[in-house]
Structures are given as structure tokens and as C-alpha cells.
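Its first residue numbered 38, the sequence shown is counted upward by one per residue in the working numbering.
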Amino acid sequence: MKPRRLDVISLVSFAFSLIAVFTQSATGSEVSKRPDDHQFVKDLALLLVQQPISQVVKVTGVKLNNTNTGIELILQTSQEEALKPVAKTEINTFIADIPNAVLQLPDGKEFRSLNPAKGIVSVTVTALDTSSIRVTVTGEASSPKVELFDDPEGLVFGFTPLPSEQAQTQPTSPQQPENQTQPQPTAQDDQPIELVVTGEQDGYRASEASTATKTDTPLRDIPASIDVVPRQLIQDRQVTRTEQATQTVAGVQSAGGGYGGLSSPYLSIRGFASTTTYRDGFRDFGFLSPSDVANIDRLEILKGPASVLYGQNDPGGIVNIVSKQPLEQPRYEASFLAGSYNFYRSTLDFSSPLNSDKTAAYRLNLAYENAGNFRDFNQSESIFVAPAFSWQISKNTNITFLFEYQNYQYGFDRAFLPEREFFQIPISRFLGEPDFNSATVNYGRASYILEHQFSDNWKLRHAFAAVLSSDDPKTVFPDGLQDDRRTLNRSASRSEESSSNYTIQNELLGKFNTGSVEHSVLFGSELFRQRFRYQFFSGSIDSIDIFNPVYGAKPSELIPDNGDEYGNDGLSVYFQDQITLLQNLKLLAGGRFDLVRSIDENFLGERTVDKTETAFTPRVGIVYQPIKPISLYFSYSKSFNPVIFGTSRTGAEFQPEKGEQLEMGLKADLIPDKLSATLAFYDLTKQNVLVTDPEDSRYSIQTGEQKSRGVEFSLTGSPIKGWNIAVGYAYTDAFVNKDVTIPVGDKLAGIPTNQFGLWTSYEIPAGSLTGLGFGLGLFYVSDRQASLPNTNVELASYLRADASVFYRRNNWKVQVNINNLGNTQYYNSYGGFLLVPQPPLNVLGSISIEF
38 MKPRRLDVIS LVSFAFSLIA VFTQSATGSE VSKRPDDHQF VKDLALLLVQ
88 QPISQVVKVT GVKLNNTNTG IELILQTSQE EALKPVAKTE INTFIADIPN
138 AVLQLPDGKE FRSLNPAKGI VSVTVTALDT SSIRVTVTGE ASSPKVELFD
188 DPEGLVFGFT PLPSEQAQTQ PTSPQQPENQ TQPQPTAQDD QPIELVVTGE
238 QDGYRASEAS TATKTDTPLR DIPASIDVVP RQLIQDRQVT RTEQATQTVA
288 GVQSAGGGYG GLSSPYLSIR GFASTTTYRD GFRDFGFLSP SDVANIDRLE
338 ILKGPASVLY GQNDPGGIVN IVSKQPLEQP RYEASFLAGS YNFYRSTLDF
388 SSPLNSDKTA AYRLNLAYEN AGNFRDFNQS ESIFVAPAFS WQISKNTNIT
438 FLFEYQNYQY GFDRAFLPER EFFQIPISRF LGEPDFNSAT VNYGRASYIL
488 EHQFSDNWKL RHAFAAVLSS DDPKTVFPDG LQDDRRTLNR SASRSEESSS
538 NYTIQNELLG KFNTGSVEHS VLFGSELFRQ RFRYQFFSGS IDSIDIFNPV
588 YGAKPSELIP DNGDEYGNDG LSVYFQDQIT LLQNLKLLAG GRFDLVRSID
638 ENFLGERTVD KTETAFTPRV GIVYQPIKPI SLYFSYSKSF NPVIFGTSRT
688 GAEFQPEKGE QLEMGLKADL IPDKLSATLA FYDLTKQNVL VTDPEDSRYS
738 IQTGEQKSRG VEFSLTGSPI KGWNIAVGYA YTDAFVNKDV TIPVGDKLAG
788 IPTNQFGLWT SYEIPAGSLT GLGFGLGLFY VSDRQASLPN TNVELASYLR
838 ADASVFYRRN NWKVQVNINN LGNTQYYNSY GGFLLVPQPP LNVLGSISIE
888 F
């Protein structure tokens with residue numbers, strides 16, 4: 038066999054080499070005599086002989102041989118040098134994706150072998166998509182050592198299992214799958230080549246996300262802007278609230294705990310509200326979905342209208358929370374966190390197979406939190422339980438059950454009004470009543486996902502989710518300052534709230550060709566019912582001096598004031614086709630038809646709204662890849678969102694709010710499989726916005742139009758071993774475009790023109806300080822309007838710095854995070870009607886152990 042160099046060269050590296058040499062020549066500096074000074078010449082030569090991007094290599098056979106050190110896997114092909122693996126490790130599994138390759142075995146099946154050698158659990162070779170294949174090798178305790186060879190028979194992987202005290206004696210010869218021929222001996226003394234492993238476990242860079250297409254599509258092939266916040270970034274920042282995790286994502290703003298610490302983020306994406314999050318592709322309803330971070334594997338943020346796959350939505354985008362899944366290998370982790378303001382939190386994360394053949398597995402996440410707050414009289418306590426079970430019913434059928442329950446008790450805190458006087462009081466100042474303001478949320482969620490593989494190309498996915506929650510907040514409302522500009526009028530309120538959300542999804546995924554054109558199709562249907570019920574009880578309570586508060590006021594008798602039950606029943610069908618016209622030219626087209634019945638019934642039993650509406654929302658996009666590391670894309674998409682509440686002064690029902698977006702952008706692998714960037718330009722319009730009726734302020738009319746135009750840039754990855762980075766920058770021009778009461782041109786509340794977020798960490802990979810690491814975060818937000826219509830009150834710009842230091846040794850880790858290093862005082866706008874102070878300097882320390 039002859040040694041071979043892997044294709045890890047990109048035009049970016051070549052360009053930098055070229056610039057460096059020309060710079061040296063132009064400045065007259067002496068060129069070093071090191072062997073790689075003219076690497077760019079070698080790179081150019083290699084680029085000239087590379088295979089064209091459109092070439093697809095056929096792998097016609099797979100063989101598995103025992104060796105003296107482990108096993109070797111042979112991908113049989115007549116074009117072995119055209120196979121260019123891109124490798125990564127995940128826990129104890131080695132994964133190599135080979136683009137521009139198809140698996141064409143004699144019996145049409147994929148290759149699988151269990152326990153082929155001591156220390157190796159399984160080996161599989163499968164079709165990743167229509168033009169790439171994946172090699173997966175799982176070790177018992179860690180990923181095996183890998184070498185790569187060329188051979189006249191094909192491409193050869195050599196695997197050596199690493200020693201493990203837990204390793205059990207395995208058969209000396211591999212199990213032979215049906216399609217495997219008898220192993221043939223191969224030479225063991227040939228010179229191996231280096232296999233560069235990228236995408237190491239738990240990095241910041243994600244190569245795929247399912248939210249945008251409901252398929253595992255490479256991000257570079259999707260004509261949309263998608264950001265992924267992985268688990269490691271959440272852990273490195275010691276995020277304890279869901280909304281904190283989005284601070285490095287361009288174009289996403291959070292009010293940060295709008296009602297006193299409840300982790301149900303009021304987010305804006307590209308200037309527009311996104312009050313509903315999704316969990317594993319299912320809608321969580323409204324503000325009563327706490328979403329504890331203990332069971333979050335990652336966040337996927339799809340920007341722009343998402344109605345084509347998710348139905349009724351605001352046009353800015355959606356946040357999809359992906360839950361942790363049961364693991365095939367045992368893993369047990371415990372952690373304890375403690376920090377400023379009497380913050381204490383402990384978590385357990387257990388997962389293991391339930392039987393010897395690993396067809397059944399469980400995962401259990403537990404969390405308990407007891408915390409104070411920088412806000413006076415604001416404490417919280419949370420108990421969280423999340424079991425999950427997976428079962429491989431047969432070779433082609435599996436089902437996963439996911440459950441969550443959380444009991445969350447907290448102080449219901451209305452914070453401040455968006456008026457100047459509130460900037461003059463301490464950010465800790467509480468303007469409710471300590472003995473009255475309180476709330477308890479009970480949140481439960483149950484879901485299952487059943488998948489059946491009919492063949493290599495067709496799969497059925499059936500899923501169900503039920504979300505139930507209740508809340509009983511008691512609060513004191515700030516009703517406005519008196520003429521002395523220091524006495525705050527207040528009112529007291531208690532409410533009984535509950536929500537329910539039931540969803541059934543059926544999806545058929547398939548792959549086929551029409552001539553040379555490849556199709557990856559999705560046909561889906563969704564049946565759902567959403568309900569939210571509330572009953573308000575209101576009364577009076579004494580005012581308070583915001584500069585010198587005296588607590589102890591008691592509310593009057595609380596009497597029934599207002600109440601509603603509202604929601605939607607809907608049936609939807611949708612389709613999507615991801616079309617590969619050429620290997621570097623891809624088209625995405627899809628549409629959704631929704632039939633939605635909206636109801637709103639007040640607490641007197643009077644039905645104020647009962648209407649049925651239909652909508653068709655399309656999405657089209659195209660991706661062109663002029664060279665392998667670069668994707669250029671363009672897309673057009675629409676959204677709709679029914680308006681449930683009330684009618685106009687004349688009794689007319691409101692039309693759904695609609696959104697429309699044009700987007701174009703560029704995605705680049707700056708360092709292949711290590712560092713990726715996205716640059717996006719968009720123009721987004723929201724129509725049929727409700728505005729106050731100028732003739733009667735008790736009613737609304739529907740003439741408003743709002744626009745958001747902007748530029749977003751994101752950069753994520755691991756440029757060198759041990760260094761991770763996530764960067765997001767957004768320029769957002771969000772304003773009122775049409776209105777009859779709000780001045781045209783007014784900026785949308787809480788939306789900064791410029792926003793920047795950075796988190797980067799470095800862990801020393803070798804030497805006596807191995808495992809020691811540091812992190813740094815910088816977050817900048819420009820000034821914003823506090824409310825809409827705009828007043829003379831603005832939220833000042835701020836720059837906040839965070840830092841961390843951690844040490845990882847064997848199976849344990851200690852970490853300290855310091856947030857808001859400069860003790861910067863800043864505020865966020867919650868929905869344009871509340872002013873929410875944000876935390877000052879605070880420290881959070883943790884210790885965790887895996888066993």
C-alpha cells in the first residue's frame with residue numbers, strides 16, 4: 038500500500054499562504070528556509086489535481102479483517118484516492134464522513150458488525166445521505182486509535198482499541214454480516230498516513246441541525262441562517278436560565294427573566310417577538326414552560342419565518358430546544374453549583390443500557406435549585422425530573438419516550454416602568470409586597486417519537502407530545518407615577534392560569550432520483566389543540582415611595598375581574614423537497630397548508646371569537662457552492678399567526694398577522710471541519726399588526742406594518758486543539774413602517790441597532806498543566822428604545838465582560854465563572870412595558886464528576 042495525504046486543504050489556507058509570501062516579497066523581508074515556507078506552492082499543485090466536486094465514488098464492498106493490533110476496515114472501490122474522510126470523535130465513538138460517495142453493496146444493505154474484536158463494540162458503514170457515507174466505530178471505553186491506508190482494493194482504516202479495565206473478552210474473529218465476504222489478509226507493514234481528527238467531542242461548531250428542515254442536513258446545504266448553541270457552550274458559561282444561552286447568537290435579544298427569574302424566555306429574533314419556544318420540534322405554550330437547562334442537549338435557532346414546518350408563528354424565527362437522549366454506553370455525572378446571592382444548585386445525569394444487547398436504554402436528569410436574587414425579596418426553589426427511555430423494537434423500528442416535570446416557586450416581580458425616575462433607584466429595589474408577591478408553576482411534558490425504516494430510502498416518523506402547566510401568581514402591578522414623580526400607584530392581583538397543548542405529527546421521509554437529480558422529500562401532517570385559561574382577581578393596595586419604600590401594605594378583597602379561555606385547534610399538511618441538481622447546486626422548496634379554528638371565550642361564558650382560517654405558507658431557497666468550503670444561498674419565506682383576541686370597534690374579526698422575508702447569505706468553512714462562519718442579509722416585513730384605534734382606545738384596528746432589515750455574522754468552531762470560540766454580530770434596523778397612531782419610523786422597543794456577543798475558551802491540551810482552561814465573554818448592546826411608541830426614555834448601551842477558569846482532571850472538573858466583571862449597570866425592555874434590571878457582578882462555582 039502507498040501512503041496518502043488526506044484532502045484537508047482549502048482555498049482559504051491557500052489564499053493566506055499566498056498573501057503571506059507576497060507580503061514578504063513586497064517588504065523585502067528574508068524568506069525563512071524552513072521546509073514549509075512554500076507550502077502554498079504545494080497546496081496549489083494539490084488543488085490542481087483534486088477530483089472535481091461533482092464526482093461521486095461508488096463503494097461496492099466492505100470487508101473487515103483482524104490484525105495483530107485490532108481490526109482493519111476496507112471500503113472497496115476502484116477510486117480509493119477519491120475518498121476523502123472527514124473525521125471526529127464523540128465520547129467513545131470514531132466517526133468518519135466521506136462526501137461524494139455512495140454505498141452500493143451487492144445486496145443493497147448497509148454494513149454492520151457487532152463485537153468484531155476485543156475492545157471494539159461495533160462497526161457500521163451506512164449511507165449518510167444520497168451523496169455521502171459514514172463509518173462509525175465504537176470502542177468500549179474510548180474511541181480507538183485510527184490509521185488510514187490506500188490499497189489497490191480500496192481505502193483501509195486500521196483500528197487499534199485502547200486498553201480498558203472494563204473491556205470484556207470478545208470473539209477473536211468478527212461477526213460476518215450477510216453482505217460480507219470472507220476476510221482476505223492484507224499487509225501490515227505499509228507506511229500509515231496521519232488521519233487528522235476534527236470536530237472533537239463537545240466543540241462549539243455544529244455541522245448539522247434538524248430544526249430548519251426536520252432532516253439531518255448539513256448546515257452548509259440549507260438556504261437559511263441557523264445557529265446552534267451546543268451543550269459544551271452552555272456548560273462553559275455555566276448557564277442556568279435558557280435565555281442566557283442565546284447571548285452569543287446574532288440578532289437574538291432577551292429581556293432576561295421578565296417576571297422574576299422564571300426561565301421562560303421572552304425573546305426577540307430579528308426584531309420581532311418570539312414568546313413560544315419549541316421542544317424537540319413540538320410547541321411549548323406561552324410563558325408557562327420553564328425549560329430547565331438540566332435536560333437540554335442544545336438549542337437550535339432558525340431565523341426568519343418558520344411557518345412552512347411549524348405553522349403559526351411570528352416571523353422573526355423560532356428557538357427549538359433539543360432534549361438529551363438515552364445513551365448506548367453507561368454514563369453517570371453529578372454536579373454542584375454555588376454562587377452569589379445564596380444560589381445553590383445540584384444536578385444528576387444518569388444514562389445506561391437496560392439489557393445486554395443495548396436495544397433498550399434510559400436516561401434520567403434531576404435538578405434541585407434554591408436561589409436568592411440580586412433583587413430584594415426574590416427567592417426561588419425548583420425541583421426538576423426528566424426521565425427518558427429508548428427501545429430498539431426491531432432492526433428497523435425504534436421508539437423514544439421523553440418526560441419532564443418541574444415545580445418552580447418564585448417571587449413574581451414586575452420590576453420597573455419604562456420611565457426616567459426608575460433609573461435613579463437601586464437595581465435591587467423591589468416595588469411589590471414581600472408577603473404577597475409569589476407564584477408556583479407546575480409544568481409537565483410527555484412525548485414519544487416512533488420511527489420505522491421501510492428501506493434504505495424511506496422512513497416513517499410518528500410523534501406525539503402533551504404539555505400541561507399551571508400557575509397561580511399573586512402580584513402588585515405598578516400603575517404609574519403620581520405628579521410628584523416618586524409615588525407609585527399600585528394595584529393587586531391574583532390569577533389562576535393553566536395551559537394545555539396536544540400535538541400529533543406524522544412524517545414520511547424519502548430519497549429517490551429522477552435521472553441525475555436527487556430528491557430528499559418530506560411529507561407531513563400535524564393535528565394540534567392549544568388552550569390557555571386564566572381568571573383574574575383584582576383589588577386595590579396602597580401606593581409606595583420608589584425612593585424610600587415602606588412595605589407591609591395589604592391588598593383589599595380580591596374580586597373576579599377578567600378571565601378568558603382561548604386557543605387554537607388545527608390541522609396542517611406540509612411538504613418539502615431538497616433537490617440536488619448538481620453536487621454543488623441545491624434547491625429547497627416546500628409549503629404548508631393550515632386549517633385553524635381560533636376561539637376566545639370570556640369568564641362570563643360569552644364566546645367573543647370563534648373563527649376558522651386557512652393559510653398557505655411557502656418557502657423556496659437555493660444553495661450554490663462555487664468551491665467546496667463556500668456556500669452562497671438565497672431564500673424567500675412567509676409566515677402567518679392568527680389573532681385570537683377580540684374584534685374591532687365595528688365588530689370585524691382580525692386577519693392573521695403575516696410575515697414575508699427575503700434573505701441572502703454566505704456560509705464558509707474557514708478551516709475545514711473546525712471553524713465556520715455565516716454572513717446573512719435579510720429584509721423582513723410583518724403585516725396586519727394590531728394598533729390602537731384612534732377613535733376609541735378600548736379597541737384595536739389592524740393597519741400596522743413593521744419592518745426589520747439587517748446584517749448578521751456568526752463564527753463558531755475550534756481553530757486549534759483546545760480553543761473554542763462562538764461569535765455573533767447583528768446590525769438590525771427594526772421600525773414601524775405603517776401605522777395610524779404610532780409615528781412611522783419609530784424603533785421597535787428593546788431592539789438594538791448593533792449587538793455583539795463573544796464567548797471563547799482555551800484548555801491546555803498537553804504538558805504539566807493539561808486540563809487547565811480559561812474563558813472570556815464580551816457582550817455589547819447599543820442603545821434601545823424602552824417602549825413603543827418611542828418616548829424620551831432610552832436604554833443606554835452597555836459592554837459586559839464575563840470570565841471563567843476551570844480545571845479538568847480524569848473524571849472530575851472544577852470551574853469558577855465571574856459574570857459582569859465591570860459591575861456594569863444595564864436594563865432590558867420586557868415587551869415594551871416593563872424595565873428589567875440585569876444582574877451586577879456575580880460569581881458561580883461548580884464541581885462535577887463522572888463515574
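All C-beta atoms, glycine included, are put in the ideal place defined by N, C-alpha and C. Keep in mind that this is a model prediction, so the values were computed, not measured.
Among the options, which has the Cα closest to the Cα of residue i?
| i | options | result |
| --- | --- | --- |
| Thr797 | Thr722, Gly814 and Ala803 | Gly814 |
| Arg242 | Thr645, Ala786 and Gly754 | Gly754 |
| Phe718 | Phe750, Ala626 and Ile659 | Phe750 |
| Thr540 | Ala500, Ser553 and Tyr571 | Ala500 |
| Pro874 | Val93, Asp329, Asn392 and Asp450 | Asp450 |
| Ala763 | Tyr799, Ile788 and Asn152 | Tyr799 |
| Phe640 | Ala652, Phe630 and Tyr571 | Tyr571 |
| Pro255 | Pro189, Thr277 and Val660 | Val660 |
| Tyr490 | Ser168, Ser431 and Gly688 | In the sequence as displayed, the identity of residue 490 is Gln instead of Tyr. Among Ser168, Ser431 and Gly688, the Cα nearest to that of Gln490 belongs to Ser431. |
| Val162 | Gln852, Val139 and Phe549 | Val139 |
| Ile436 | Ser179, Ala397 and Arg527 | Ala397 |
| Val728 | Ile616, Leu752, Lys711 and Val781 | Val781 |
| Asn543 | Leu872, Leu142 and Lys251 | Lys251 |
If residue i sits next to residue j, beta carbons under 8 angstroms apart, how far is it from one beta carbon to the other, in whole angstroms?
| i | j | result |
| --- | --- | --- |
| Ser291 | Asn865 | 7 angstroms |
| Gly702 | Tyr670 | 6 angstroms |
| Gln822 | Ile464 | Not quite, the Cβ-Cβ distance comes to about 20 angstroms (not below 8 angstroms), so this is no contact. |
| Gln362 | Ala425 | 7 angstroms |
| Lys307 | Ser745 | It is worth fixing the name first, because residue 307 is Arg in this sequence and not Lys. That belief holds up - the Cβ atoms of Arg307 and Ser745 are roughly 5 angstroms apart, short of 8 angstroms. |
| Phe421 | Arg400 | At roughly 14 angstroms, the Cβ-Cβ gap does not stay under 8 angstroms, so Phe421 and Arg400 are not in contact. |
Under a Cβ-count criterion, where at least 16 other Cβ atoms within 10 Å of its own Cβ denotes burial, should residue i be classed as buried or exposed?
| i | result |
| --- | --- |
| Ser713 | buried |
| Ser593 | exposed |
| Val777 | exposed |
| Arg115 | The displayed chain sequence assigns Ser, not Arg, to residue 115. With fewer than 16 Cβ atoms within 10 Å of its Cβ, Ser115 is classed as exposed. |
| Val158 | buried |
| Thr828 | exposed |
| Thr434 | exposed |
| Leu304 | buried |
| Gln613 | buried |
| Glu109 | buried |
| Gly589 | exposed |
| Asn761 | buried |
| Ile338 | buried |
| Pro510 | buried |
| Ala529 | buried |
| Gly804 | exposed |
| Gly859 | exposed |
Which parts of the region 254-342 are runs of the alpha helix (DSSP H), unbroken and 4 residues or longer, counting only runs that do not cross its ends? 268-273
Say whether the region 360-374 touches the region 398-412, bearing in mind that this needs 3 or more beta-carbon pairs closer than 8 angstroms, one atom from each stretch. yes
Closer than 8 angstroms is the cut-off here; do at least three beta carbon pairs connect the region 502-515 with the region 528-544? yes
Kindly provide the ranges of any beta strand (DSSP E) runs that are 3 or more residues long and lie completely inside the region 823-874, ordered along the chain. 835-846, 849-856, 864-867 and 871-874
Return the chain-ordered ranges of every beta strand (DSSP E) run that is complete within the region 741-822 and spans a minimum of 3 residues. 760-775, 791-800 and 809-818
Is the region 440-448 touching the region 475-484, taking contact as three or more C-beta pairs under 8 angstroms? yes
Give, in chain order, every unbroken run of the beta strand (DSSP E) that is at least 3 residues long and sits entirely within the region 158-197. 169-176, 182-188 and 191-197
Note down, one range per segment and in chain order, each alpha helix (DSSP H) of at least 4 residues found wholly within the region 441-478. none
Given 8 angstroms, three or more beta-carbon pairs between the region 575-589 and the region 549-564: no
Check whether the region 657-677 and the region 328-337 touch, using three or more Cβ-Cβ pairs below 8 angstroms as the test. no
Should the region 799-812 be regarded as contacting the region 843-860, the criterion being three or more beta carbon pairs within less than 8 angstroms? yes
Given 8 angstroms, three or more beta-carbon pairs between the region 342-350 and the region 264-280: no
Three or more beta-carbon pairs under 8 angstroms between the region 675-682 and the region 643-659, yes or no? yes
Are the region 757-775 and the region 784-791 touching by the rule of at least three beta carbon pairs closer than 8 angstroms? yes
In the region 384-445, which residue ranges form an unbroken beta strand (DSSP E) of at least 3 residues, counting only runs that do not cross its ends? 397-408 and 417-431
Along the chain, which unbroken stretches of the beta strand (DSSP E) at least 3 residues long are found entirely within the region 500-587? 511-518, 524-551 and 554-577
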